[in-house]
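**Q** Sharing a structure, written as C-alpha cells. Questions coming.
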Amino acid sequence: DIQMTQSPSSLSASVGDRVTITCRASQGISDYLGWFQQKPGKAPKSLIYAASILQSGVPSRFSGSGSGTDFTLTITSLQPEDSATYYCQQYNSYPLTFGGGTKVEIK
Amino acid sequence: EVQLVESGGGLVQPGGSLRLSCAASGFIFSSYWMTWVRQAPGKGLEWVANIQEDGSAKFYVDSVKGRFTISRDNAKNSLYLQMNSLRAEDTAVYYCASLSCINRCSKVYFQQWGLGTLVTVSS
Chain A
1 DIQMTQSPSS LSASVGDRVT ITCRASQGIS DYLGWFQQKP GKAPKSLIYA ASILQSGVPS
61 RFSGSGSGTD FTLTITSLQP EDSATYYCQQ YNSYPLTFGG GTKVEIK
Chain B
108 EVQLVESGGG LVQPGGSLRL SCAASGFIFS SYWMTWVRQA PGKGLEWVAN IQEDGSAKFY
168 VDSVKGRFTI SRDNAKNSLY LQMNSLRAED TAVYYCASLS CINRCSKVYF QQWGLGTLVT
228 VSS
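Top line first, the protein sequences correspond to chains A and B. Under my numbering, the first residue of the first sequence carries the number 1, and numbering increases by one thereafter. Under my numbering, the first residue of the second sequence carries the number 108, and numbering increases by one thereafter.
Written out as C-alpha cells, the structure reads:
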C-alpha cells in the first residue's frame with residue numbers, strides 16, 4: 001500500500017498569510033493526487049485533482065503542485081473561511097489512501 | 108445541482124448487518140464510478156470501496172473484503188453498501204462520492220461528496 005504523509009499535522013496562521021501544506025507519498029504516484037478540505041462536522045469537499053487542477057468553484061487562492069512523491073497545497077492569502085482540515089489522497093493504485101490531515105487554524 | 112444523500116446508518120450490534128444507500132441526483136449517475144469513504148470519530152478519511160459505472164468492476168480495502176459489498180442500481184440512481192459481520196472498528200460516518208475517470212478509467216478521482224451517515228457498532 002502507498003502511505004501518504006502530510007506535514008505539518010496542524011498550523012496556525014493569520015488572515016492574509018501564505019500557507020503551505022506538504023504531502024509525501026511512499027512511492028511515486030505521478031500526478032495522481034487529490035486535495036480535500038473538511039470543516040468540523042461537515043463532509044469533505046474536493047479542492048484539487050491531478051495534483052494541480054482546481055475543481056470547479058474552488059477559489060484561485062488555492063493551488064497545488066508536485067509530481068512523483070512530493071506535493072504541496074498552497075493557500076496564497078488565508079481567509080477566515082479556510083479554517084479546516086486538509087487531506088491529500090493518492091489514486092495511482094489500490095487501495096486508495098489518504099494522508100493523516102493538516103488542521104489549519106486562524107490566529 | 109449535484110446531490111448525494113446517504114441513508115441507512117444507525118446503531119447495530121457487533122456481528123450484525125446494515126445496508127447503506129446513497130441517492131444521487133443532478134448528474135447522469137450511470138456514467139460515473141462511485142465510491143464509499145468512511146471516517147471514524149475524530150479520525151481521518153479511509154477509502155472503503157469503488158464500483159464501476161455498470162457495476163462490473165469493484166474494489167475494496169482489505170479490512171472490509173468478504174464482509175462489505177458495494178452495488179448500484181442505475182435505474183434508481185442509487186448506490187449501496189451492504190455491511191455484514193460488523194465490528195466495533197467499523198464505527199464511522201460513511202460518505203458516498205462520485206468519481207471521474209482518466210486514462211480509460213485506470214485512474215479515478217473524487218468529485219462530489221454526500222453528507223454522510225453514521226454507523227455505530229456497539230453492544
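Glycine residues also receive a C-beta, built at the ideal position from the N, C-alpha and C atoms. Quick caveat: nothing in here was measured; it's all calculated off a predicted structure.
Can you list the residues of chain E that B/Q120 reaches, using a CB-CB cut of under 8 Å?
**A** Among the protein chains of the structure shown, namely A and B, there is no chain E.
**Q** Would you report the Cα separation of B/C96 and A/E81, rounded to the nearest angstrom?
**A** A query on residue 96 of chain B cannot be resolved here, the shown segment of chain B reaching from 108 to 230 and no further.
**Q** Taking Cβ positions, are A/I29 and A/I2 nearer each other than 8 Å?
**A** Yes, the Cβ-Cβ distance between A/I29 and A/I2 is below 8 Å.
**Q** Here's the rule I'm using: 16 or more other beta-carbon atoms within 10 Å means buried, otherwise exposed. How should B/E113 be labelled?
**A** B/E113 should be labelled buried.
**Q** Just the C-alpha distance for A/T69 and B/S230, rounded to the nearest angstrom, thanks.
**A** Each residue's Cα considered, the two are about 43 Å apart.
**Q** Hey, quick one: how far does the beta strand (DSSP E) through B/R126 stretch, first residue to last?
**A** Run containing B/R126: L125 to S132, per the beta strand (DSSP E) assignment.
**Q** Any idea what DSSP makes of B/G171, helix, strand or coil?
**A** Checking the displayed sequence, the identity of residue 171 of chain B turns out to be Val instead of Gly. It is helical.
**Q** Should B/N157 go down as buried or exposed, given a rule of 16 or more other Cβ atoms within 10 Å for buried?
**A** Its Cβ being crowded by 16 or more others within 10 Å, B/N157 is buried.
**Q** Check whether the stretch 130–147 of chain B and the stretch 175–189 of chain B are in contact - that is, three or more C-beta pairs closer than 8 Å.
**A** Verdict: yes, contact present.
**Q** When the cut-off is 8 Å and only beta carbons count, does A/L96 lie next to chain B?
**A** Judged by the 8 Å Cβ criterion, A/L96 is in contact with chain B.
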